[in-house]
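Report on one structure; see the data block that follows.
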């Protein structure tokens, strides 16, 4: 089910519109996250569920892996194009948050 915000005379309401037919999905194709979520447990959990993860590697983790040499393992997969899309979505959400804060702020009059 998808939601859309519509404007009525007195209030803003959310109205439901029909979505795709069939059973709802329980896992995404891929999950974009920032460097804070590049740790092993997060990556392993997503790997076990079969979710692609374009998460950039932290620079200190990368340096530690490279210090190990051939025993350090392969670098985690990273899709630069998906990371760019994540940045676009993140900026859009921040713009929405900023606009909402401005629209709902009440100035105190002294």
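Residue numbers (full-length UniProt numbering): 1 to 110. Positions of the beta carbon are idealized from the N, C-alpha and C atoms, including for glycine.
Mapping the DSSP letters down to three states, classify residue i as helix, strand or coil.
i, result
"residue 99", "helix"
"residue 94", "helix"
"residue 38", "coil"
"residue 85", "helix"
"residue 77", "coil"
Per DSSP, which residues does residue i bridge with? Please list them.
i, result
"residue 30", "52"
Pull up the distance between the alpha-carbon of residue i and that of residue j, whole angstroms please.
i, j, result
"residue 111", "residue 91", "The requested residue 111 is not part of the displayed model; the chain covers only 1 to 110."
"residue 69", "residue 59", "16 Å"
Measuring alpha carbon to alpha carbon, tell me which of the options ends up nearest residue i.
i, options, result
"residue 33", "56, 27 and 47", "56"
"residue 73", "81, 80 and 61", "61"
"residue 85", "23, 31, 24 and 36", "31"
"residue 26", "36, 39 and 49", "49"
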